[in-house]
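**Q** Numbering (our numbering), first residue to last: 30 to 488.
Shown next as structure tokens:
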């Protein structure tokens, strides 16, 4: 025990020398070996801890970059639209799809929309030919989701969008078939395109759906057109079908003929659109070609009987003008507007177009002012606020007094091949136009009444 200080001093000297002095023996050697072993074990543990720390930092940086990359790729998962056949469809024709998440189409999907309907500042629909797709937006057009019915066979087809949730699609499975009966498929959604139900209606001898229209969730009409190759020039053969159960079943209400009898739709003239205002009152607009005048018929019994409507022609024009009815629209059951295109030609040979308005549900129409040059269509939000388009200059004009006076609101961005197919407003400031680019038909939006425009959906 008295040797402990000497042993301790020798061990300290040995350890501090880094084992460069002569190795001790006996107990000294065993103690020194144990101390040195612990010393190097601590060093190894420190090195291992440092390596783990460096690896953790590296993984953290990698995960952060991966999250940033994923955040840059904007994806909005959405359940795949499901088609559910109704009881009237054969079980062998069932169309269905698993509700797997499907990413948002994004602001620039590969499609050229040919029609669109905005039902509010935030919600709207668009449909495109070629790619046969239906899109829906819920953020004012910034992003669009593909809500096309899964498995739908879209031959010749037409759509109608009632509101944010309810929409219909009509498609012929054998476009232009001149022979036996075939089924036109009607697809309907009541939840904004998440799910679709399908039914069919037999339309013997008719070619394809030309228009579909609904005034509420139950009452709708389908305009079926005959293939143009089966008609004589200047004629337009069609049939009107109606539904009172949201499209689950359809019945033929009327069709064109050559009898000339009261209540019948004539075979002559082109019928371009079907517009119903109530469950009983509806309109068909069109034109009859050179010397034929315009085409405007109304029904007051839900589509069974039709009568021609007479408009007061401007003094310079005649009833045999090369003219047509365009932009027929009602913003409530009593108030509406339309345009008579080509009422007459001025000294330079330019067609002159006039605005008409009604305040009694179309029982009478008041001749309004001459529209600005190169303006062929109008859109009225109400009896006061309206817009028209100078198709040559690509400028939007605004009226705040029901069409009596017009002023330029702004210019739609375009190039030499630009064309505007349609325009709509949901407030006095917020509106959209379809088509102003040589690449296709994009949708552009304004939030300042037409002064400036931004592209939202492009091919």
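All residues carry an ideal CB built from backbone N, CA and C; glycine is no exception.
1) Give me the Cβ distance between residue 175 and residue 166, rounded to the nearest whole Å; I'm assuming they're in contact under 8 Å.
2) DSSP on residue 302, reduced to helix/strand/coil?
3) With DSSP as the reference, label residue 400 as helix, strand or coil.
4) Give the straight-line distance between the Cα atoms of residue 304 and residue 312, rounded to the nearest whole angstrom.
5) Would you give the residue range spanned by the beta strand (DSSP E) that residue 394 belongs to?
6) Short of 6 Å in beta carbon distance, which residues of its chain neighbour residue 285, apart from the five on each side in sequence? Order them along the chain.
7) Candidates 378, 394, 377, 376: which alpha carbon is nearest residue 384's?
8) Skipping 5 residues on each side, what residues in its chain have a beta carbon closer than 8 Å to that of residue 401?
9) Which residue wins for smallest C-alpha separation from residue 443, given the options 403, 477, 482?
10) For a test of the three-state rule: what should DSSP assign to residue 295, helix, strand or coil?
11) Let me know if residue 270 comes out buried or exposed under the rule of 16 or more other beta-carbons within 10 Å of its beta-carbon.
12) Exposed or buried, which one is residue 404 when buried takes at least 16 other CB atoms within 10 Å?
13) Rounded to the nearest angstrom, how far is the Cβ of residue 489 from that of residue 184, given a contact under 8 Å?
14) Quick one: residues in its chain with C-beta nearer than 8 Å to the C-beta of residue 389, no 5 flanking neighbours on either side, listed in chain order?
15) Does residue 300 pass the burial test, meaning 16 or more other C-beta atoms within 10 Å, or should it be called exposed?
16) Nearest to residue 314 by alpha carbon, out of 216, 355, 272?
17) With respect to the beta strand (DSSP E) encompassing residue 373, which residues constitute its N-terminal and C-terminal limits?
18) Hey, quick one: how far does the beta strand (DSSP E) through residue 151 stretch, first residue to last?
19) Cβ of residue 310 versus every heavy atom of the ligand GTP: is any distance shorter than 8 Å?
20) Give the C-beta separation of residue 409 and residue 358 to the nearest angstrom, bearing in mind that I take them to be a contact with Cβ-Cβ under 8 Å.
21) Between residue 187 and the rest of its own chain, which residues show a CB-CB distance below 7 Å, the 5 nearest in sequence each way excluded?
22) Which stretch, first to last residue, makes up the beta strand (DSSP E) that contains residue 339?
23) Report the rounded CA-to-CA distance for residue 149 versus residue 372, giving the unit in angstroms.
24) Report all residues from its chain with a CB closer than 7 Å to the CB of residue 477; omit the five preceding and five following residues, and keep chain order.
25) Reducing DSSP to helix, strand and coil, say where residue 319 ends up.
**A** Reading from the atomic positions:
1) What you label residue 175 is simply residue 146 of the chain shown in a count that begins at 1. What you label residue 166 is simply residue 137 of the chain shown in a count that begins at 1. Residue 166 and residue 175 do not touch by the CB rule: their CB atoms are close to 11 Å apart, not below 8 Å.
2) Numbered from 1 along the chain shown, position 273 holds the residue referred to as residue 302. The answer is strand: DSSP assigns residue 302 an E or B state.
3) On the chain shown, residue 400 is found 371 positions in, with the first residue counted as 1. In this structure, residue 400 counts as coil in the three-state DSSP scheme.
4) The count along the chain shown starts at 1 and reaches residue 304 at position 275. The count along the chain shown starts at 1 and reaches residue 312 at position 283. One Cα belongs to residue 304, the other to residue 312, and the distance between them is close to 5 Å.
5) Position 365 of the chain shown, counted from the start, is the residue given in the question as residue 394. Run containing residue 394: none; DSSP gives neither H nor E here.
6) For the purposes of this step, residue 285 is identified with residue 256 of the chain shown, where counting begins at 1. Excluding residues within five positions, the ones whose Cβ falls inside 6 Å are 266, 267, 294, 296.
7) By 1-based counting over the chain shown, the position of residue 384 is 355. Restricting attention to 378, 394, 377, 376, the CA atom closest to the CA of residue 384 is found in 394.
8) The residue given as residue 401 occupies position 372 in the chain shown. Correct list, in chain order: 417, 419, 426, 435.
9) Indexing the chain shown from 1 puts residue 443 at position 414. When only C-alpha atoms are compared, the closest one is 482.
10) Your numbering for residue 295 matches position 266 in the chain shown. Residue state, collapsed to three classes: strand.
11) Here residue 270 refers to the residue found at position 241 when the chain shown is read from its first residue. Classification for residue 270: buried.
12) As a first step, residue 404 is located in the chain shown; it is residue number 375 there, counting from the start. Residue environment for residue 404: buried (at least 16 other C-beta atoms within 10 angstroms of its C-beta).
13) Since the first residue shown for the chain is 30 and the last is 488, residue 489 is missing from the structure and cannot be characterised.
14) Here the question's residue 389 lines up with position 360 in the chain shown. Closer than 8 Å at the Cβ level, and outside the excluded window around residue 389, lie 363.
15) For the purposes of this step, residue 300 is taken as the residue at position 271 of the chain shown. Counting of Cβ neighbours within 10 angstroms places residue 300 among the buried residues, the total reaching 16 or more.
16) What you label residue 314 is simply residue 285 of the chain shown in a count that begins at 1. Ranking 216, 355, 272 by Cα distance to residue 314 puts 355 first.
17) To locate residue 373, count along the chain shown from 1; it is residue 344. From DSSP, the beta strand (DSSP E) with residue 373 extends over 365-374.
18) Within the chain shown, residue 151 is the residue found at index 122, counting from 1. It is not in any beta strand (DSSP E) - residue 151 carries neither H nor E in the DSSP assignment.
19) Absence of the ligand GTP is noted for the structure shown, with no ligands found whatsoever.
20) Here the question's residue 409 lines up with position 380 in the chain shown. Here the question's residue 358 lines up with position 329 in the chain shown. Correct: roughly 7 Å between the Cβ atoms.
21) Position 158 of the chain shown, counting from 1, holds the residue named residue 187. Close CB contacts of residue 187 within its chain, under the 7 Å cut and outside five residues either way in sequence, are with 199, 238, 239, 240, 241 (chain order).
22) As a working mapping, residue 339 is identified with position 310 in the chain shown. Looking at the DSSP string, residue 339 is not in any beta strand (DSSP E), and its letter there is neither H nor E.
23) Working through the chain shown from its first residue, we reach residue 149 at position 120. Working through the chain shown from its first residue, we reach residue 372 at position 343. C-alpha of residue 149 to C-alpha of residue 372: approximately 34 Å in a straight line.
24) The residue given as residue 477 occupies position 448 in the chain shown. Once the five neighbours on either side are set aside, the close Cβ partners of residue 477 are 458.
25) Sequence index remark: in the chain shown, residue 319 carries index 290 (1-based). Correct three-state label for residue 319: coil.
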